[in-house]
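Written below as C-alpha cells is the structure these notes are about.
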Amino acid sequence: MLSLRQLQQFLAVTEAMSFRRAAERLNMAQPPLTAAIRQMEEELGVRLLERTNRIIGLTEAGRVLREEARRTLAQAERAEKLARRAGQGISGALRLGFVASAVRHLLPELVATFRRSHPDVLLELTEMPTARQAEALLDDRLDAGIVVLPLPQSAANAIATHVVAASRLVAALPASHPLAATPARPLALSALAREPWILFPSHEGPGLHGSILAACAEAGFAPQVAQRAVQMETILGLVAAELGVALVPDLFRATGWDRVVFRPLRGPGAPVDYRVALAWRRNDPAAALSAFLSASGVRPGGKTRR
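So for the sequence shown, this note's numbering puts the first residue at 5; every next one is plus one.
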C-alpha cells in the first residue's frame with residue numbers, strides 16, 4: 005500500500021513536472037526522489053510518468069493516481085485537523101439541557117457565543133426541568149445543563165454549578181386584582197396568604213418549589229394551591245386567566261403580559277432569590293464541555309472571567 009509520503013512525493017513531481025524542482029520543494033535530494041517514484045511504479049506494476057530528459061506528461065495510470073492522491077491527502081489533512089480540534093474541545097458533540105425559563109433570556113446568548121467560537125461542535129439541546137437535568141447529568145445523558153438553583157440534595161455533591169443569572173421573585177397578579185392597583189409599591193408576601201396560588205410542582209423543581217414554600221412559611225402561611233404548572237409562561241397565562249397568583253422571576257416583567265401585574269415583595273419571607281446556573285458533572289474531562297464552560301466565562305474552581 006502506498007504511503008502518504010509517497011503520494012506527496014508523486015504530487016510534487018506532477019505539479020513541478022521536474023524532479024529537480026520537486027526535490028527542492030520537498031527539501032530533499034533529487035536521486036532519492038527519482039528512486040521513490042520508480043519504486044512506486046514497481047509496487048503498482050504500471051508506468052506513471054512519460055519520461056525523456058524531462059518529464060513530458062503523465063500516463064493514464066498517472067493521471068488517475070494524481071486525482072486520487074489529491075483527494076487522499078486532502079482527506080488525511082482534514083482527519084488530522086478534526087482530531088486535533090476534537091482533542092481541544094472544538095469539534096464533537098455537546099449535550100446541553102436547559103430549563104424553559106432560560107429560552108428567552110439566557111440560552112440564545114450562551115449558544116450563540118459558543119457556536120461562534122466552536123462552529124464544529126454539534127450542540128444537542130434538550131428542554132427539561134432542573135430535577136430531570138440533574139438525573140440526566142448523573143446518568144451521563146447530558147454533558148451540561150442550565151438549571152434553577154438549588155439542585156436536588158441527592159445531586160448536589162456530584163454536580164458542580166456556576167451562577168450565570170440572578171434575580172428575585174416578584175408577585176404576579178391578575179390585572180383585575182385589587183392588589184394590582186399599585187404595581188410600583190412593594191407588596192407584603194403575607195398579603196397573598198388567602199389567595200389561590202399557581203405553583204411550580206415539587207417533583208419538577210424541588211429547589212424552586214422549596215424556596216417559595218419556605219418564603220411563605222416565613223411570612224406566616226402555607227399557599228393554597230389552585231393549579232400547578234411547569235413552565236413559567238404557563239403559570240403567567242393562568243394568572244392572566246384570573247385563576248390565581250404566583251411568584252415568578254423578576255425578568256418576566258419584560259415579557260409583555262397585558263393582563264398580569266408584577267409587584268416586588270417586602271417584609272417577612274422577602275426577598276426570594278432566583279438563580280440560574282450552568283451545571284456539569286464534577287471532574288468531567290470532556291474537551292467539548294471544557295470549551296463550553298470556557299466560552300461561557302467559567303474557569304476551573306467556579307470563578308468567572310468577568
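Ideal placement from N, C-alpha and C gives every residue a C-beta, glycine not left out.
- Counted as a single uninterrupted DSSP element, the stretch harbouring residue 257 is not any alpha helix (DSSP H), since DSSP gives it neither H nor E.
- In the structure shown, residue 226 falls within a coil segment according to DSSP collapsed to helix, strand and coil.
- Between residue 109 and residue 282, the beta carbon gap of about 14 angstroms keeps them out of contact (Cβ cut-off 8 angstroms).
- For residue 165, the secondary structure class from DSSP, reduced to helix, strand or coil, is strand.
- Taking residue 177 as reference, the option from 200, 170, 155, 160 with the minimal CA-CA separation is 200.
- Linking residue 185 to residue 246 through their CA atoms gives a straight-line distance of about 15 angstroms.
- A Cβ-Cβ distance of about 7 angstroms is found for the pair residue 15 and residue 74, placing them in contact under the 8 angstroms criterion.
- By alpha-carbon distance to residue 21, the top candidate from 66, 220, 135, 5 is 66.
- Ranked by Cα distance from residue 71, the first of 279, 99, 11 is 11.
- Distance between residue 301 and residue 222, taken at the CA atoms: about 36 angstroms.
- Taking 8 angstroms as the cut-off, the beta carbon of residue 13 is found no closer than this to the beta carbon of residue 48.
- Proximity of the stretch 151-162 to the stretch 224-235 falls short of the contact definition, fewer than three beta-carbon pairs being nearer than 8 angstroms.
- DSSP links residue 130 through a beta bridge to 101.
- Secondary structure at residue 204: coil, using DSSP grouped into helix, strand and coil.
- Across the structure, residue 170 and residue 252 are spaced so that their CA atoms are roughly 13 angstroms apart.
- DSSP places residue 192 in the strand class (E or B) of the three-state scheme.
- One Cα belongs to residue 127, the other to residue 84, and the distance between them is close to 22 angstroms.
- A Cβ-Cβ separation of about 6 angstroms places residue 162 in contact with residue 286 under the 8 angstroms criterion.
- Cβ contact annotation for residue 231 (same chain, cutoff 7 angstroms, sequence separation greater than five): 202, 242, 247, 248, in chain order.
- Comparing alpha carbon positions, the residue from 269, 205, 173 closest to residue 279 is 173.
- Bounds of any beta strand (DSSP E) do not take in residue 241; it lies within the alpha helix (DSSP H) bounded by 236-244.
- Residue range 23-30 is occupied by the alpha helix (DSSP H) that includes residue 28.
- For residue 285, the enclosing beta strand (DSSP E) has its first and last residue at 277-285.
- Counting along the chain, residue 264 sits inside no alpha helix (DSSP H); it lies in the beta strand (DSSP E) bounded by residues 264-267.
- Collapsing the DSSP output to three states places residue 270 in a strand.
- Secondary structure of residue 250 (DSSP, three-state): strand.
- Residue range 53-55 is occupied by the beta strand (DSSP E) that includes residue 55.
- Residue 125 places its beta carbon 8 angstroms or farther from that of residue 149.
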